[in-house]
Each structure stands twice: as structure tokens, then as C-alpha cells.
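Structure first, commentary second.
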Amino acid sequence: MSQWVRQGLRTGTKTSPYPAQPDTSPGVTPGLPQGGTFAPGAAELLASRCPSGAITARNGQVVVDPGRCIHSYRCTRQISSPLAFSRDYEWTLAASTDHHGGRLGKPFTRSVHLIVVDAGDCGACLNEVRQLNSPYYNMHRLGFFITPTPRHADILLVVGPVTDQMRAPLLKTYEAMPTPKKVIAVGTCAVSGGIFGPSFVSEAGVARVLPVDIAVPGQPPPPLAILHALLTAVGRKAVRTAPVHQSVADEKEHHGV
Amino acid sequence: MAFDLGLLLFAVLCVVGVVLGLVVSRRAVPLVVAWLGAVAALPLLVAGSVALIDPVPLSQALWSIPALGPMLLHRDALAGVFLIITAIVFFAAAIFQANSLPRLLGHNVRAYAAWFFALFASIAWVLLAGDVFSFLVAWEIMSIISYLLVGFEDENEQHGRAAYLMLGVSEAGALAAAFGLLLLAVHAGSLDFAALKSAAGTLSPGAQLAVFLLTFFGFGVKAGLVPVNVWLPGAYTAAPAPFVPVLAGATLNLGLYGILRVNADLLPASSTAPGIIALIVGTISALVGILYATTDNDLKTLFAHSSIENAGIVTIAFGAGFVFTAAAKPVLAAIAFVVALYHLGNHALYKSLLFIGTGIVDDRAGTRDLDRLGGLIHRMPWTGAAMLVGVLSIAALPPFNGFVSEWLTLQTLLRSAELDSVGVKIVFALCGAGLALTAALAVTCFAKFFAMGFLGITRSPEAEQAAEPTRSGLVPLALLAVLCFGLGVLPTYVIGALDRAVQPIAQRSAALALVPPFFETSPDHGRLPEPFVREFHDLGAQVGQGLAPAPGLVILHRGESANPVVFAAAPTYLVLVLGGLLLLVYVVVRGIATRARAVARAPCWDGGIKRLLPEMTYTATGFSNPVRVIFHAIFRPTVVEDTRETVAEHFRTAIRRESETVHIVERIAMRPIPRAALAIARLFARMHHGLLNAYVAYALLSLLIVFLVFTALTAR
Amino acid sequence: MTPTELESALALRCPGQFVLEHTDGTSVVRCKPGALQTICGNLFLDWDWAFAGLTVEEHSGHWELRYVFYRDRAAGWVHVLLDVPLEQRTVPSIVKYVHAADWHEREAEDLFGLRFEGHPRLGDFVLHDDAWQEGVEPMRHGFSAYTPVSERRPNHGWTPHRVLHAPGAFVMPIGPVFAGLAESAHFLLETVGEDVVRALPRLFYKYRGIEKLAEGRSIDHVLALSERFAATTAFAHALAFCRAVELVCQAEVPPRAQALRVFLAELERLRHHAGAIAGICESTALAVAASQVAILEEDLLRVSGALTGHRYLFGLAVPGGLATDLADAGCRTALHACIEIVERLNDLERMLRLSSSFLDRLEEVGYIREKEARSFGLVGPIARASGVARDLRDIQPYAAYSECPFSVPVEQEGDGYARLRILFAEARESVRIMEQALARAASGPVSAPLRARAGAALGWVEAPRGAAFHWVRIDTSGTVARYRIVPPSFSNWLGFHASVEDFAYQDFPIILATLDLSVSENDR
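Protein chains in written order, with the numbering used here: chain A, 2 to 258; chain B, 111 to 826; chain C, 975 to 1498.
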């Protein structure tokens, strides 16, 4: 077994500098498209090209709704006036944090257990969550642990648009979690349904089924974005002052929560 | 005086019971049996208590049989203990008759009632018999009535066969035991036990061993020792539900009584061989019993095998006692016998409790198969609670009685360190290891029983209909459960009582060794060194003295007089402290920690499936499968079926697996006997050719032999 | 077997029952219902054709059932077509001969309502019986994709289908929410307490109705769907869809795009295999090896992201070529990174070979014999680990694969260790292919304009998990009328269900990890 020890020493430390410092390694995030001012025709074209309706154009002003962006790159490839993509990854959109019996509180700041429910995702979001366990991101050093049982879980991570068959298991998982608890919708499909929902077998995101505290858009959101969301959930990072995501706000009113 | 009155009353009530049982209408029989039986048990209890307390044994001649001598009734403390146990078991079982006998109204319940009281009387007679003749007569009556009662539900052919096997093996055992007793009687020239006892000292070692073997295996039949227990599982399963508690709680004890009476009371122990044999047989019985119990799904068969296990444990304690007596360590022998009697009594209590509960479950839930029960604790909470007490007792968990006796048994085996012979010590060590393994398997077995039977989801529609039984079912359960708890929490009183029974046998008292009063510094307990006592006082050993009724239980292993090693268990204190801590935890958790929060109740987490069906939960077979796999060499299952069915050459429609096992004792001990007999018969069959000439030759040959013998005899 | 040979062989067995037309490597056999079983049975069992899939299409007056078989380049493809009037809902089942068609027929029954006569286990497949009532046929034209079903009458008395009959047998349920990071699927493990005798997977908890959502949508929108239903192999599926559309529209993809397509496909394969190996190490709880391989997987994700902008290669494949050109320098950097990563993979393979405790848990676990692999139509690395040497890049080359020769690794044992070895070997081959593809990527355009046409075609690709088939029918308005996906996981899940019996319960996660079955890919 000493070969593994030697191999480990040879490999060295790979951990990302985030969250102490920003991580600028190439390929670590796909970025999100940025809005801007365009000629009216170009703006309408951009709005019409987006398959999930994330781009709205008004008087040449192009606004991108990150909660609907499915990274189709139609707004930047094979188009005359492309949108620019950001290089960041702190994309968390927060709804109210006071659901489910109170804030998570101080004991959870450095030790939190997550349960991940796959409500119909394509595999990419789940794979990015898996990468959080790899030496590059190593969420254990930040106090996040994954548990297979909801009875021990503090935060529920949902990926996928909530298919018809996964609706009941998701609700059962949520109800089996003790308070205080938080729900994080990971990925555009979980936030707004992406291009899958709503349909005869799929919802338009987790907010239609459960009250969502934190949403991370992206298809898929890179591990650093998910890490940022987790840190936000326990209060170690502040959410950027960005307008509350439109679809989440809509869903809340829908639900009457 | 009280004894005579009690015994007379008991006898009269039994006779009344027989008569009434035969006369009264069928519907009324269960109530008659219940009331009379319960009432009859009380004077017997009094008589037994008197016999136990009175230090002077008494003999009473009844009738005189020409050429055989008087039929004696002999009571002493040992008989008293057994009488008390029998009375308690019969009391509870009698009340239970009111609950379960009505189901058997289709059979000849009048005969049942008559036999019931006759059996009661005959058991008491066995215990009080003072000479070989009355002992054997009482034994036979008891045997035959047991056979009649076991085969009571005779519509099932299997019941008849099981009862017949029981009769056969019982008679063989009775014959062997009678032979052993007669050997002693011939040597003594008289039939009564007192004469046997005084004459047994001059018996040759070979004869002593022969008597031991004959009586040990002869009485061992009723006790359920390997290899003469082939009949036990089948008979206990076949016996009707109202009778089984008596079978397991009263008649099983008689076998052990016989072994103890002959080998500890009548025979002097001169060699360690009897003790070693008893140890080994006891260990094997315990292991075999619990192994088959762990892998069985029928409740009655499960507890039958468990009875074999417990009889084995008692025999282990007997064996230890015999060895210690032979090695001239009378105090240790006394301890061993006290422990054996304690376990015997405990077993009678919790086994009758469990069998009564089984009868109730069978009646209410309609099935005895563990794979079809489940969830009964919601439907029969009181029965479930009582069964839980029984399960905790039989699994030897504190603070119930099973813990005390099994812990003491193990401790007694550890005392073998004080013996000299290395070989004997090795045997003790192995038997101790076997006992430990048995205890572990017992926990598995009874966890399986209680979990599969009472907890979880109900597995069949019949079990869904289960409901609490009537009072006549709950009262005996409650009584026995309370006794189980009591005997576990107040062991020092029990030991004191049992010590009276053991003292005449072992010539020494075990009470001081088991319950040394060293919590007091009174000077007349000078066996214990002063500084030692003071040390324990400083440790707080006298806490609660005067408040708690029993200070505790100690086996002192005296190493050096300055630093004795002490093994102690204090069930009384345990219960008090445990209760106190639980209360404290409850107050803290409910009163302080979670006061502001509601306690959420949610169904069991099942992975998010729609409904957890009964077929998705563990079955009893699945739970005990690892044991079946590990001890494969003992079970040796034969595969009956292992087929795969496919449709359209691709869809697996069925995989059928079935195997059957033959009990190891049957395989090793029983099957060879008829096989050998047949082989010998085949050998002799060769003589029968059918040729007339050969037969004439045989006749001539036998004539010649007779002639020669006659000549030889007359020539002398 | 040339088409003429095929025609004469079929004529011997069912004369007058079929009509064969051959165009361009594909033979279309229109047959009568009575001859269906004979033709398909002979193709599959006697002449060793592989079964790609069954596509059911509802036309205005009839059902068209298309059974696709393929062999090597010389023999090409055979589409067996069966036309059945719309009112007639029963069709003969070919499952007795073509075992690989088992789940195809069950899916068609659930989604279209067609009854396959002779199939013993229809129902409770895509639409679970305890969630949907009979008669819901979502793939029929009259059913709307975006309105929820008004009335739900599930069968509350559903019980699991039991195969094991033994005293004390029970069914252990696992999932759909189980383990830490597993996809949602429900398993029913039949056992008597020690070994699991039979595992019944109940999938389609993640059914998103991709095929239904695609109907009536533009090609561009369906391209987005094809990329996103199984995003860990997004590029491969998008490529298959693009090839189908290109075949319909008869578009010529420029050579640089073909070469770069090969480059990107192999990059995806390399990254996917690294993830699969990490999953195997994780399942055997060899944490150090799992971490080491996870580092390599993240490295490959970053290489993909740096090269193309997206870690999973989204938005690259378009009908006609690629959506954007990749700079040669960037490609070379990526290639060097991949070469280095494969060297580290080789080192890890050497070290894993020396870990006897690791090998103990993989060897002789999850046996799939060659006979079973063939008869259940297994594809991809797990089929090649059982001796079935079929790789679409080799036997039916596409893009620039015919110009980038490589060897196809094959093993014979069919156990977990063989499957692991195949993953390592294919990773090495991928890098070799990437080198050759980059060398052949001459400068030039990367996309050609597409003129929409009506028609239907089959696009195929050797995705990292195995052969994937996309059937696309475009109607006159330029929208997609029917989109049928046969992903590799669909074929391989059947193999797991049908052939893995009598395994220890502790081996269950390891078997699943070595088989690398994707639930999202299967469920669509």
C-alpha cells in the first residue's frame, strides 16, 4: 500500500485557492452570457435565437436571465453580434433565507450535511457535484459532507427539473429532513425547468414543488459555483446584490409561500 | 402439619378435578379446569414452601406392597423447590386453560381435563416419592399421561407420530433409569431412597459409573439432552397449545430432578468422570438446541429447541457441581447446584410465559409461522410487552432473571481455576466457550423472534386481524412476567432460598459465598479480612444499605487474602440506577432541550418509494440465514429443488429453490440405529433359505447345544 | 453478406412475404406480419447481424415499425419495415428470437399502446403501473406534450414481480433516493438473506419525454434537446443527431469539421472513461485511487472547458459541421495535456494491478458471458469486455474515423476487471486517434450551409458508453416529425437485468459501477 502514499506525495496539493482567493485556472467555469446594448434588430435576433427564452430584448437593451440560460451558445456562436461571456462563477441567486423553521445558525457554519436528490437531471449537474469531492475542490475542508439519508441532512440539493415520478420521492425526502433545513436548486433545470419543463412529465423547476432558498443557474454550474452556493447557504459568503431571480419570485407567488 | 394439610388438600382437589372433568358438560370444562387447577396449585405451593423452609426432611409411609416394602413419601428441601416451581407453572397454565381450551372443544376435552389433573398429581408424586417403586410408578403414570396429552389433537397424523416417538423414547429412558435405580437397590438390598443413599458409598467405581450413565441418559430423555432428545421438537410442536406450557415448564424439570436426585443425593461423587460427561453433554445440547432454534420459523418448534438449550445449561451447571464435589470443593459444588436450580426455575418461568404467549399469538393471529407474522405489538400491546419480558429473560439480559442465572453459570465455570487437574480445566474452558457462543446465538435467535413476530409490518391478512386476548390469557402472562422481573431484581433472596435446598446435598452452604454480607462490618463475619471490608466501604459499597432490599450479588474469588478478586453483579441497584438515569434523560430532553420544538413524527425512511410492502421487509429466514450458512456443516441441508424456468428462451419466469434438513441428532444418533438393526437382521435373514434340510439341521444343532450345556452343568 | 445474398437467403425462408430495396449501404425490407419473426430471427441469430433498435412511427393511416440491423461496412444496414393499419394494435413480437428487442417492445407498448403478441412481460415499464393508469399513450399524435394528464388513476395494489420462489424469500427495495451521489433509479433485489438472486431495476423515474418534446419543434431546438438529455456524453449524441439531419438534407460536412469532430468526440470519450474509472475505484472504496483518477477527470473537464468554453462540450456540433472553429494552437495544447493525462492513467493502471484487495472485488464479479452479451444486444466497452468485438467507429466508420486507424480493445472474461481493462485501453486509443485527427485537420471552413429537406435518416455514433442511434424524420415544414433515440445505456441496462444473477449484496454497487450504466441516458 505504500505505492499509494508515494503517489499521493508525488501528486502534491491540487486544491483550488477558492474561497480564500478567486480561482482563475482555465476551464474552471463556462461563464454566463452578459447582457448589453445592441442594435434593435440584433437584439431581437439574440432574443429569438435563445432556445430557453433566457434573453429578453427591449429597445436594443438585451437582458439575460441567468436562471433560464442553458448554455446553448446560440447567442455567441454563428451570430453576427455575439454576447460576451463572463469568467466568473459566483452565480448564486438567493430567495428569502427564512423558510423551514429558521436560519441554519452558527453550529452549521463549518459543518453541514448535504443530501443530493436527482430529480431527473441529465448527469452533468450530478457530475459537477461529484467533482466537489475530488481533491481539486475538496468540500470536506470547508465542512460540507454528503449523507445518503435525509435524517442526518441539513441542506437538500436538488438537480433536475423534477420529473413526474421523482416528485413524490423528493417531497418524502424533504419531509424526512429535520429542521432547520435549506433547499438549494442546482442547475438551470432545477431553477426554471430548462428546456424540459413544464411538460406532461416534468415540472418547471424545484420551486414548483418545494420552497427554494438558493438557486444556482448554469447548465451545468461548475463546481465552484455550487461551492459558492453552499457557502452562501451557511452564511460564509454573501450573495451578490443582484435582482432576485424572476422565475423564483414568480414561483413563490404561485405557491403563496 | 401445614405440609400435610397442603398436600392433602392438593390431592383432594386433583381427584375432584378428575371427577368433575369427566362429568361436567363440554362447554364448562375449560372454566372448571382453570378454576380448580389454579386453586389446587395454591396448597401445593404452600406445601412446597414448608418443605423448603423446614430443615428436617420427613418420610411418610403410605401403603405397603408385599415383597417390595412400604411406599414412602419423602419430602426435603430439594423436593420443595421443585414443588414450588411446579405449582407456579401450573397456576399460570391453569388460568391459561380458560383461554385456549375452548378452541379444542371439538375433541374429547373431558378426557383432557381428567388427564390434566392426573398429570398434576403424578408430577407431585414423582417429586415426593421416597422409594424406587413409587418413584417408577409415578414416573410411568406421568409419562403415559404426557403421551396422551401430546397426541391429543389426533386428527393430524404427524401429531400421532410425534407423540408415539415421544412415548417410545420416554419408555426407553424410563427403562434405563429404572435399571440404574434397581442396580442401586440390589446393592442396597432395599427399595427406599434412604437405604440406597447409605449403601451407595460401598459401590464399586464401575458400578457407580454404570448407574450414572443409565440414570443420566434415562432421565435425560425427559430433560431433552443430546442424544436422547429426538422426540422433543416434534412433541412440543404437536402438543396442543393449552398443554405445552406445562410440558415445558413442569415435565422437563422432572428429568433434571431425576439426574440431580440420583447423582448428587444418592450417589457419592468419587470420580470426575460423571461431571465431565455431564458438562460435555450439556454444552452440546445447548449449542445444538440454540442453533436449531435460531434457524426455525415455527414459534413452537423454536421454543422447543430453546428448551433443549436451557436444559443443556442446567446440565452444565450440574456437571460443574459433580466435578467440584469429586474434587473435594464442596462450597464450589454448592454454588454450582444453587446456580443450576436457579436457572431451572428461571427457565420454567420464562418458557411457560413464552409458550403461553405463543398459544395466544397462534389463536389471535391465526398462524405460528414467523414469516407470516409481524407488527403484532401494535395490535396486542400487552401481550407484546409480556413477550418482550420473556424474550429479554431468555436472552439473559439484565435486569431479568435469565441474566442472573446465566451470568452465575459462566462465573461458576470460571471457578475451575481452583482445580488441580489440567485436563478437567481444559474441559471447563471449552464448555465455557460453548456456553458463551450459545448465549450469543440466543440473542440472535430471540431478536429474530421478537422483531419478526412483533415489530415491523404485518405480513399476512390473518395477522392483521390479531387482537388482545381475554383476561384469562393476559393474567398468566402478567404474573409470569412479574415473576421474571422479580427473580432478576431480587436474586439474593432467591439464592438464600435455593441454598436451603442445596445444603443437604452439598453439605455446605453456598449463600455466604454468593452473597457475602461484607457490606456490613459486623465482627462475626470474620472470614473476610477487616482491611478488605473497609476498602469496600470506602468505595461506597454500603450506599443504600438499609434502603434497597438486597445489597447485591458477589462471587468472591479469593486470590491473596490481601487482594481478593471480586466479580459482582447488583441487579437491584442496576434497576434503580437505570431507572433513575432514564428519568433524568427524559426530563432533560423533554423538559429542557426540546421544549421549544415540536417533535416531528414521520414514517420510516424507505428511499422514497410509494409504499413499503410486507414482502420488502426482512423475513425470519433471511435474518437467520447467516447462521445457517456459517454452521452449514451441522445443518447439512439437502437440496430438494434448484430449478430455473425460462419463457421464450430469455425471460426468467421462476427460480425455485428448496432444501430440507434433517436434525443432526437424528442423523448421527437415531438413523444409524435402525440401519444397524436392519443390517443385523439382513445378516440373520441369510439363515432363512427356505430349504427344509437346513431347518432340520438347525433343530439338530440346537438340540446338540442344549445337550452339551446340560451335561456341562450336571457334571459340575 | 451482400444485399443480393441477403435477398436470396430471405427468399429461401419466406418467399413472397417481403420486398427488398437497396440504396447506398442500406437495405429496406418491407415484410408481411407473418414473416417478421422469421426475417428478424434469421438476421439476428443465424447471420449475426446486430440489432440497433425498434422505431415506431404513427402515420396518418398506419403504424410503421422499423427494425434496424447492422453488420460491418461491407454488409451495411438492414431496415425491416412492418406496416400495420392504425386500428390494428397487435403486432407479432420478435423477442423470442431477438432477445435484444425486449425493452424496445415494452417501451413501444407503454408509449404507443401497441400490443406485441408473444411478449410475456408487457406493462409497468416507462409508465409505472402504480403511477399511471392503462390507456395513457403519450407518444400518440393526439396527446399534447405540454398539458398535464387531467385524471390519474394509479394501481394502488401494485406488487413487485417476483421470480424467486423459495421459503423466506423477500424483495429488498433500494432507491429511488439512495447512496450519496447516485442517479435516481429503483431496484428490487430478490434474496433469501445472503446472496441476491435476481435484481429487477425499475427505471424511468427520470423520464422527461424527450422524444415527445421534439415533435413539431425546429431542428435547432431538437439539437439542444439531443445535447442535454445525457449531458455527460453530450457531444456524441449531438453528433449523431447532426449526422442524421445531414443525411436527410444531403449536406456535405467539410473535412476540417470531420476531423475536429473526431478530435472532440475522443476528448469526450477520454474524459468519460476517466470518470468511469473513478467511479469503479470509488465503489470498491479504494479512496486514494478514486481521488487520483478524479483529479484526472477534473483535468480533462478543464481541458475541454479551456478549449471550447464549456466543460461538457455543449453548443459545438451543428448540422453541417461545427458551430465555431477551434484554434490549432489551442487544440495542440489540449492534445499535449491529454497525452500527459493518459500517461498518468497508465501509471495508475499499473498500480491498480498490484492492489490485490482491489482486484479481489472486481474479478469474477458481475459475469456476463459472450453468448449473453450477443443475445441481449450489449454495446460498448462492456460488450467488448465479454468478447463481442463491435465498435461502430470500426465497423461503420463516420466522420474522419476511417482515416484515423486504431485498434479496438477486446477482452474475453466478461467480469468487472475485464471491463476496467477495456476502459484503460480505450483511453490510450483515444489519445492516438486525437493525434491523428489533429494531424488531418487541414485549414478550411468548419460548417456548410444546410438546406432543409423532408425525409428520414438514421444517424449513429460510437458514444463513450456504446453504440447510439438517432432516427430523425423531418417533414415538409422543416420541423422534426419524429425523433427516436436508442442510447447505449438502454441496451446495456437490459443486459444487467437479464444476465446478472446470484451475486453478493456487497457487490451490487461494484457491478453497477463497472457496467457504467447511465440512468439519465436510458430514461430520456
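Beta carbons are placed, not taken as given, at the ideal position from N, Cα and C, and that holds for glycine.
- prompt: Since Ala177 (chain A) meets chain B, which of its residues come closer than 8 Å, beta carbon to beta carbon?
  reply: Ala712, Trp715
- request: Given a cut-off of 7 Å, decide if Pro162 (chain A) and Gly272 (chain A) are closer than it, judged by their beta-carbon atoms.
  value: Because chain A spans 2 through 258 in this model, residue 272 (chain A) falls outside it and cannot be assessed.
- request: Please report how far the alpha carbon of Ile702 (chain B) lies from the alpha carbon of Val695 (chain B), in whole angstroms.
  value: 10 Å
message: What are the residues in the stretch 477 to 506 of chain B lying within 8 Å of chain C by C-beta distance?
response: Asp481
- request: Leaving aside the five residues before and after Ile815 (chain B) along the sequence, list all residues of the same chain whose C-beta is less than 7 Å from its C-beta, in chain order.
  value: none
field: Proximal residues to Ala607 (chain B) (C-beta, below 8 Å), its chain only, five neighbours per side dropped
entry: Leu162, Val191
task: Could you name the residues of chain A that Ala1198 (chain C) contacts, counting a contact when the two beta carbons are closer than 9 Å?
output: Pro52, Ser53, Ile71, Ser73, Arg75, Ile196
message: Please list, in chain order, the residues of the stretch 389 to 414 of chain B that have any C-beta partner in chain C closer than 8 Å.
response: Asn407
query: Do you know offhand how far Arg1498 (chain C)'s Cα is from Ala1204 (chain C)'s?
result: 8 Å
Whole-angstrom distance between Lys1006 (chain C) and Glu979 (chain C), CA atom to CA atom: 20 Å
task: Taking only runs that begin and end inside the stretch 1302 to 1359 of chain C, name each unbroken alpha helix (DSSP H) of 4 or more residues, in chain order.
output: 1302 to 1327, 1330 to 1336, 1344 to 1349, 1355 to 1358
- prompt: Can the beta-carbon of His1102 (chain C) be found less than 7 Å from the beta-carbon of Phe1350 (chain C)?
  reply: no
query: What residues match up with Gln617 (chain B) in a beta bridge as DSSP calls it?
result: None; Gln617 (chain B) has no bridge partner.
- prompt: Between Lys720 (chain B) and chain C, is there a C-beta pair that is closer than 7 Å?
  reply: yes
- prompt: Who are the Cβ neighbours of Ala44 (chain A) in its own chain at under 6 Å, not counting the five residues just before and after it?
  reply: Ala58, Gly61, Val63
task: Kindly indicate which residue of C:Ala1392, C:Ala1399, C:Ser1404, C:Arg1040 has the alpha-carbon position closest to the one of Pro1379 (chain C).
output: C:Ser1404
query: chain A partners of Tyr1120 (chain C), CB-CB under 9 Å?
result: Pro199, Ser200, Phe201
Reduced DSSP category for Asp1076 (chain C) - H, G, I as helix; E, B as strand; rest coil: helix
Any C-beta of chain A under 7 Å from that of Cys124 (chain B): no
query: Is it right to say Thr824 (chain B) is buried, meaning 16 or more other beta carbons lie within 10 angstroms of its own, or is it exposed?
result: exposed
- request: Would you give the residue range spanned by the alpha helix (DSSP H) that Thr519 (chain B) belongs to?
  value: 511 to 524
message: Taking the alpha helix (DSSP H) that Ile80 (chain A) belongs to, which residues open and close that run?
response: Looking at the DSSP string, Ile80 (chain A) is not in any alpha helix (DSSP H), and its letter there is neither H nor E.
field: Whole-angstrom distance between Arg785 (chain B) and Leu123 (chain B), CA atom to CA atom
entry: 49 Å
message: Beta carbons nearer than 7 Å to chain C: which residues of the stretch 547 to 580 of chain B have them?
response: none
- prompt: So with Cβ pairs under 7 Å, would you call Ser632 (chain B) a contact of chain C?
  reply: Model confidence at Ser632 (chain B) stands at a pLDDT of 47, short of 50, so the residue's coordinates are unreliable; what they give is reported in the following sentence. Taking Cβ atoms only, chain C never reaches closer than 7 Å to Ser632 (chain B), which makes this a no.
- prompt: When DSSP labels each residue in this structure, what does Gln1 (chain A) get in the three-state scheme?
  reply: A question about residue 1 (chain A) goes unanswered here, because the residues of chain A that appear run from 2 up to 258.
task: Tell me whether Asp634 (chain B) sits in a helix, a strand or coil according to DSSP, three-state version.
output: A caution first: Asp634 (chain B) carries a pLDDT of 49, below 50, which makes its placement in the model unreliable, though a value can still be read off. Coil at Asp634 (chain B), not helix or strand.
query: Is any heavy atom in the ligand GTP found nearer than 6 Å to the beta carbon of Asn266 (chain B)?
result: With respect to the ligand GTP, the structure shown offers nothing to examine, as it has no ligands at all.
task: Just the chain C side, please: which residues come within less than 8 Å of Thr12 (chain A) by C-beta, in chain order?
output: Gln1266, Ile1269
message: Using only the alpha-carbon positions, how far apart do Asp634 (chain B) and Ile605 (chain B) sit?
response: Interpretation of Asp634 (chain B) is limited by its pLDDT of 49, a score under 50 that renders its predicted location unreliable; the figure taken from the coordinates is listed afterwards. Each residue's Cα considered, the two are about 21 Å apart.
query: Exposed or buried, what is Glu1495 (chain C) when buried is set at 16 or more other beta-carbons lying within 10 Å of its beta-carbon?
result: buried
task: Check the Cβ-Cβ distances between Lys1070 (chain C) and every residue of chain A, and say whether any is below 7 Å.
output: no
message: Can you give me the C-alpha to C-alpha distance between Ala177 (chain B) and Gly334 (chain B), rounded to a whole angstrom?
response: 35 Å
- request: Spell out a yes or no on whether the stretch 242 to 256 of chain B and the stretch 293 to 307 of chain B are touching, meaning 3 or more CB-CB pairs, one atom from each, closer than 8 Å.
  value: yes
task: Identify, in the order they occur along the chain, each residue of the same chain with its Cβ nearer than 7 Å to the Cβ of Ile227 (chain A), setting aside the five sequence neighbours on each side.
output: Glu129, Val130, Leu133, Val187, Val217
message: Only counting the same chain, and skipping five residues up and downstream in sequence, which positions put a Cβ closer than 6 Å to that of Glu630 (chain B)?
response: Residue confidence for Glu630 (chain B) is low, a pLDDT of 49 falling below 50, so the modelled location carries little weight; the figure read from the coordinates is stated next. Here the set comprises nothing.
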